[in-house]
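Each residue of the sequence shown is one higher than the last, beginning at 134 in our numbering.
First the structure, in the form of structure tokens, and then the observations on it.
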Amino acid sequence: MIFDVRRGMYGGRISCIYHDYMVGLVEQMLQLHKRLPAARTPQEKELLARQVAATDAAIDKLVYALYRLTEAEIGIVEGKQ
């Protein structure tokens with residue numbers, strides 16, 4: 134199953150919401166990665182690294198929802214099973 138963001142898996146408004154949320158997360162991730170090399174202190178680097186990890190986790194959760202993965206399937210994808 135392939136999700137086409139432009140056409141949408143669920144159609145209509147829900148697709149638009151998923152699309153907009155995903156675009157926002159990706160834009161946030163790109164900005165964080167641009168800021169990471171410029172971080173000056175270990176604390177700033179750690180904060181940015183945590184924000185990257187949190188954003189990555191949010192993207193993963195959205196993708197799992199889009200594909201309607203079960204907990205067992207998510208475990209396989211994440212290498213936990």
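All residues carry an ideal CB built from backbone N, CA and C; glycine is no exception.
Short Cβ contact (8 angstroms threshold) for His-83 with Val-185: The structure shown does not extend to residue 83, since the chain is modelled only from 134 to 214, so the question has no answer here.
For the candidate residues Gly-208, Leu-199, Val-159, whose alpha-carbon lies nearest to that of Ser-148? Leu-199
Does the beta-carbon of Thr-217 have 16 or more other beta-carbons within 10 angstroms, so that it is buried, or is it exposed? Outside the displayed span of the chain (134 to 214) sits residue 217, for which this structure offers no information.
Does the Cβ-Cβ distance between Ala-191 and Leu-181 come in under 8 angstroms? no
Between Tyr-154 and the rest of its own chain, which residues show a CB-CB distance below 7 angstroms, the 5 nearest in sequence each way excluded? Leu-195
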